[in-house]
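Residue numbers (the working numbering), protein chains in the order written: chain A, 84 to 633; chain B, 176 to 1081.
All C-beta atoms, glycine included, are put in the ideal place defined by N, C-alpha and C.
This one's a predicted model, so the numbers in the text were calculated from it and none came from an experiment.
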C-alpha cells in the first residue's frame, strides 16, 4: 500500500472514484486503453505505472480480458458437480474459445452449470437455451429455497421503507454511544470469517478524532460455495443499507460504500435501486430527518479478484491501488480508506443490525450459543436434496443442517468443504461432531468461515481437489508476501506433477511448505489455505498415499 | 519506569511504538534479524516475512509467529529471534525464493554485496528441493537508459524499488503488474526505463537488494576499494555523497542513509553526473594568450605573468582597475581566499560572485527585515509544517531532493501554495496555484497580505511583541485597489484570497523561494514582502515555518558568508564601517579599502568604460549565463587581461587571456554551506587530474607570488583562519564538523542552530516594509513592440551553463534547450511542436525549438540557457533588481515568429 496514493486518490473524494473510473473504462472493450490510463494517471497524479499496475491485477480489467464475451464459472461447487465441461462446450457453439473466460463462483452453487453473459448470470438449465439467451437476451429469474429455522433475524420480511427505517429514525434521536451499546450488548461477531466483535470495531473507529470516516460493506463474497450475501443483497437490500447507516451514525462517518463483486451484476442493480429509494425518501443525504447527521451511499463494483475480500486489499482496491494486503497496524479503524478511519463489515453482519436496533441488543444476544450469538445464514449446494439458503440459530448441529434442512444428499458425499476455500474439509465421519458456531468448528480443527457448504462426492479424487485449492490460492494470491506468492504456486505444481506421475510428493517438503504458508503469510489467504489441505491429508491418507514418495 | 520487553529472555527497554525489528536491532545488532523487503528509508511493508520472530505474551507462554518489521513491540512480551520454528520458516522462504532466481551468483554484478546472498548464507540454505517449475528467469535486461538498468530475472518482488519511487522520490514510475506468481515490476505502462517518465534519481537502484534494478556504474558491486563521503556540487541542498573509488578512479556514487541533509536520497546529477571530472575536455595546463592564441605554459610562467600583470595594472590604474568573480561552486575556503586576495593583496573591494545573479536580493532583503541573509529554518521542518508556500521556485527540477521532500509533505496532506507563472511539477500537487504574470510578485504578495489583514488573520501578538512598523504596513495594504492588483497579476482575486487564508490559518506555514523572486527588478522588495508575510502571520521562530530561500549553486550561501561581495567582507561586515575596517586591516595585516566595490553588472559597465582593466573569474561562465551576452562579451574583450579559472573551455574561457585549470569538487577538500546554513565537509575523493591544481592553492600561489604570505592550502588551516574573522563560524573546526556538518551560527563551544530568530530577530525587532508594485522598465519600454514575455528557467538534467552536466550521460536525457509556448500562441504564429522559433528582443535574437505546452499561459514563454548552441542570454536584458543589481532574467520582452534561419549573432 502507498499512503501517498491513498491521499492522492482521496483528494477526489468518493464521487470521483479512481477505481470506479477504471471499471467504466473497461466496459466497452474489456480493458482500459493505454491512452485512457494515461489520462487517469494525469488526473489523479498517480503515475502511469499505478494505473497500469492496478488494472492488470483484475480479471475484468487486465488486457487479457479484452474481447471476452462469456464467462464460465470455475468455482468449487461447479467443479465438484462436474457441470462445467458441458457448459463450455455449449458456449463454444456461440463464441470463439478466446471469447470465453472464467469467473470464480457466480453464487449459483444451488444448481451449478453457471455462466455469465452480457451482464447477467445464468445457471441450471439455462445453458440449454444459449441460442435464445444470445439472440433475445432473455433472462431467467434465479430461484432457490430459502427458510429460517427458529428466530428470524436476517430473513425477516421487508415491511416497506417507512416501517423498515422507523428504528433508524428513532436511533437518530439517541446518542450514538447508546446505539453502540446495543450493538455491543448483542455480542454480534463479524460474519466475514474472522468473527471479530462488530461493536469493538465500531468503537475503535468512533474513538478516532477525524472529520472524515467511512463505512464499507464488504460485498465481495468470493468464497466458492457461498451465496448468502448475494441473497441478502438481492432479497434484503434494505437490511444491509440499514446496517451501514447505523454504523455511520455510531462512528460519525458520512459515507457508506458497498463494494460488490462484478460476478453479481444483479446485486449491483438491486442495491443501486434501493439507494435511490432512500435518496427519494430523504433517508440519506444532508441532515437526515433534521438530525444533523449526513450520510450518503455509493456502490463500487469490484473487478474480479478474490483477495479483495480481505479488508485492507478491499480498501486499496477502492482507492485504485493494487489490492495488495496491507500491514497492520495501522488498522483500518484508525487509518483506512484514503488514510481515514474506516469500518469494513461483511454484508451479513450489517444485515443483522436492523434486528438489533429494532429489538435491542439483548434480544439478539439471547439467540445462539452465548459466545456465538445470533443467527447464521448457511447455503447448501446442489448435492443436497434441497439446496438453498437457510437461516439457523448458532449452535444447530451440522447433521441437522444436512438431514433436516438439506434433506440429505442426492449421491454419496465423502466430505464437506465448509467456510470457503480457506475453510476446513470435514470428512463424513466428523459430521456428527459439529455444531454451527465458531467454537465448535475451531476446536474440531475446522473453520466456520462464512459457512458456505460445498459437497465433495465420493467419486471426486481428493488429489484433484487439493490441486484445485492450491491452484485457486495461487491464482488469487495478491503476490505481495513471499510465502503465498511462491508457496501456493509450488504447491499447485507439486499436486499437478503428482497427478501426472511426473514427480511424487516429498511429504517433508509439503509439510515445510504448509508450515511456511501457515505461519509466514501476511494474511489469511496464504495463511488459511493449509487448513483444508491438512484436513485432507489427515482424513484421506489412504486415498492419497500413492502420490507421495515417502 | 520505562517500558520493557524480553529478547531471547533478556530484558531490554523499549521505545513506545517501535517495531520489534527496530527494538531488536537497537539492542543486538543490525543483522540480528535477517530481512529482505525492509529498507532504512522506507515504511514497513511485510512482504518477505523473513524477519518473522516468535512472540509470547508471558514467560513460557504460547508463541505466535509475527513479522518483526511491522509489528510493534508489546510491553513485557517475550521475543525469540532464533527458534527452530523461525529457522525452519526463514530457510523455507529463501528456498522458495531460490526456485525463481538464477543461481549465477559468481557472475552477478552484486556478488558479495547481495542481500539475498547474505540472507541465504545466514539461514544456511543448501539445496532447492522443489521440482523445476514455472519461473521468470527469461526476463530480458533493460539497457535502454544512459544510467538506469534492470534485470528482472533477478527480482525477488520485495517492492523496495516501487516504494522508493513512491515514498522517497514521489514519482510513481515503478509499480507491479499482474498478480500473484506472475506479478512483475513495471516502469510506466510497462515501458523501458528510457521510454518511461523516470527522473533517474536512482533511489530504486540503491533500494534494490539484488541486481534486479541497478545502474550502468554498477554502484552496488563491491569492486571498489575505498569510499569517501563528500558533498554534492550541483545545488544548495547539500546532498552527502558516498563516492566509491578504485585505483584513484571514481566508480560510482550512493547516498548515505544517515545523512541529515538528504537521508539516503539524491538526484541524477548528484548520483550519476560525475563523469565530467575526467572528461577528455578538461583543461590540463595553464594557458596564456600569445598572438591571439591560447598557448599552454608552465605554472611557473603563468604565476609570474599574473603577478607581473596584476602589479603593473594596479600601479598604472590603481587597485580598483582589477576585479574578481569568485565561484559559488567552490568551497568556503576558496571563496574566502579569493576575496582576501582581492581585498588584502590587490587592495580593492571589487569582488563578487554568482550570488549577484541569483540570491543577492535574498541576502539583502532578509538582512534588512530580519538582520540575517539566510534561511530561518531547516529542511527537516517540512516534517512539522502544515502549509508550504513556494514562490518563484521549481524545486523538483532545481533542488530535486528538497523538491521530492516537499512533494512528499504535500502528498501527506499539507496544504501547498505555488506562486509561479509556470505550471511547475509541484503546482499539480498544489491546492492553490497562483499563476501570475512574470514580474508581478509584489502586486500578488500585496494581495495576499490584503486578504490576511482584511480577514483579521494576522498574528497580533507576534506583531506587537516582535516587529516594528506593522501599523504602517497594515494601513498601506488595506488602502490598495485590489481590482487593480488583480488586473496586474492576472490572477483572480478569489484565488489569491483562498491561498492567503490557507497560509494564514495554518499552524505552521513554511515559505520557500527561488530565483523567480530574486531575478526581477523588484527582487529585493519581493524578498522583503515574503518576510512581511511570515512576520504578520507569526511564522518565524517556530518549527515548520520560516522564510527559506532555495539557494541555487551549492555554495551560494557560503560564498556570501565568506565575503565574496563588494559591500561586505567575510562575515558580512560592512566594508565602509571604520571599526570593522580596522578589524580587517589588523586581521589581514594590510590596508583594506573602505569604499564599496563593483557588483558584477557594474564590472561589465566599468570594463566597457575603460575603468576596469582586468578581471579574474573563477568557475563562472558569464558569457553564457549572464544576461545580454553581447554586452558581456564586449566588456570582456575591453579588458587588458581576462583571467579565467575553469574546468572546461567554456564560452568565457574562450575569451581568456590567461587560463588556469582548476579542480572539480571531487578533487579537493573544503566546506560547502547549504541552503539551511549547514557547513559540511567536502572531502577529496581523487587527486586533481594531471596538470590541474586545487583552486585554493592557485589563489595562494598567486598571493605568495605577489608578496603576501599565505600558508599552503589545507582545508583545516583555512577554516581555522575563517573561524577567527567570521563570527558565526566561531566554533567551527574541520574536526568538529563530523559527518553531518553544523548549521551556523556556531557558537564557540560548537553548538549550532537549526533555526534562527527564535526569541528575537538578529536585528532586534523584525522590520516590516511596504512596497508599491512597479512595472519593470523592460515592459514599460519594450512591452508594446515586444508583446511576449519570456521567463527563463532550469531543467532537472542540467546545471547552469551545463559545462559539467553536458559532459555526462545527462546530455542523452535532455539534449537541448527548448521554448515552452502555449498552444494558442503556437497556433497564432503558425508554430507546430518542434518547429524552430525565432525569439527576438531589443538585444538580439535566438533560434530555438518549440515545445507546445499548457505549462505556460498564453503570452508567456519560457526557456533555459543550459546549451551554448542557443545562447538564450543574447536576448535577456540589462534591467536589474533596483537594490541588489540582480539581473532580471525572469521578465524579458520579446516577439516570436516561426524561424526562417539561424540567428545567433555571437
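Per the C-alpha coordinates, the member of A/471, A/499, A/494 and A/472 positioned closest to residue 482 of chain A is A/499.
Around residue 438 of chain B, the same chain offers 216 and 432 as residues with beta carbons nearer than 7 angstroms, after the five sequence neighbours per side are excluded. Contact with chain A is found for residue 332 of chain B, since one of that chain's Cβ atoms lies less than 8 angstroms from the residue's Cβ. The beta carbon of residue 346 of chain A sits closer than 6 angstroms to those of 186 and 189, all from its chain and outside the five residues before and after it, given in chain order. Note on geometry: alpha-carbon atoms of residue 585 of chain B and residue 565 of chain B lie some 12 angstroms from one another.
Contact of residue 307 of chain A with chain B by beta-carbon distance below 7 angstroms is absent, the smallest such distance being about 17 angstroms. Taking C-alpha positions only, residue 245 of chain A is separated from residue 360 of chain A by approximately 11 angstroms. In the three-state DSSP reduction, residue 237 of chain B falls in the coil class, being neither helix nor strand. Counting only runs of 3+ residues, the beta strand (DSSP E) found wholly inside the segment 161-240 of chain A occupies 183-186, 198-200, 203-205 and 228-231, in chain order.
Taking CB atoms only, residue 580 of chain A has a neighbour in chain B less than 8 angstroms away. Residue-level contact by beta carbon fails for residue 329 of chain B and chain A, as no gap is shorter than 8 angstroms. Taking the C-beta atoms as reference points, residue 337 of chain B is found nearer than 8 angstroms to residue 349 of chain B.
Beta-bridge partners of residue 759 of chain B (DSSP): none assigned. Here residue 643 of chain B is bridged, per DSSP, to B/942. By alpha-carbon distance to residue 830 of chain B, the top candidate from B/817, B/838 and B/718 is B/817. The segment 528-536 of chain A and the segment 559-577 of chain A do not touch, with fewer than three beta-carbon pairs separated by less than 8 angstroms.
In this structure, residue 444 of chain A sits near residue 269 of chain A, with a CB-CB distance shorter than 8 angstroms. Between residue 556 of chain B and residue 583 of chain B, the alpha-carbon positions lie close to 13 angstroms from each other. Rounded to whole angstroms, the Cβ separation of residue 351 of chain B and residue 334 of chain B is 7 angstroms, and the two are in contact under 8 angstroms. Here residue 273 of chain A has 279, 280, 281, 284, 428, 429 and 432 as same chain residues with Cβ atoms under 8 angstroms from its own Cβ, once five neighbours each way along the sequence are excluded. Counted as a single uninterrupted DSSP element, the beta strand (DSSP E) harbouring residue 465 of chain B occupies residues 462-465.
Between the C-alpha atoms of residue 600 of chain A and residue 262 of chain B there is a straight-line separation of about 14 angstroms. Of all residues in the segment 602-619 of chain A, the ones placed with a Cβ closer than 9 angstroms to any Cβ belonging to chain B are 602, 603, 604 and 605, in chain order. With 16 or more other CB atoms across the displayed protein chains lying within 10 angstroms of its CB, residue 515 of chain B is buried. In the DSSP annotation of this structure, the continuous segment of the beta strand (DSSP E) that includes residue 847 of chain B starts and ends at 845-848. Close to residue 592 of chain A, with beta-carbon spacing below 8 angstroms, are these residues of chain B in chain order: 304 and 305. Leaving aside the five residues that flank residue 203 of chain A on each side, the residues in its chain whose CB is nearer than 7 angstroms to its CB run, in chain order, 222 and 348.
Listed in chain order, the positions of the segment 127-142 of chain A with a beta carbon within less than 7 angstroms of a beta carbon of chain B are 128, 129, 130, 131, 132, 133, 135, 136, 139 and 140.
In the three-state reduction of the DSSP assignment, residue 356 of chain B falls in the helix class.
At least 8 angstroms separates the beta-carbon of residue 380 of chain A from that of residue 248 of chain A.
Identification of chain B residues near residue 554 of chain A by a Cβ-Cβ cut-off of 7 angstroms yields none; the smallest Cβ-Cβ distance measures about 11 angstroms.
Taking 8 angstroms as the cut-off, the Cβ atoms of residue 510 of chain A and residue 540 of chain A do not count as close.
Spatial neighbours of residue 517 of chain B in its own chain (CB-CB distance under 7 angstroms, excluding positions within 5 residues in sequence) are listed in chain order as 499, 523, 525 and 526. Residues of chain B whose Cβ lies closer than 9 angstroms to the Cβ of residue 297 of chain A do not exist, since the nearest Cβ in that chain is about 16 angstroms away. For residue 919 of chain B, the secondary structure class from DSSP, reduced to helix, strand or coil, is coil.
Residue 182 of chain B is a Cβ neighbour of residue 254 of chain B, given a cutoff of 8 angstroms.
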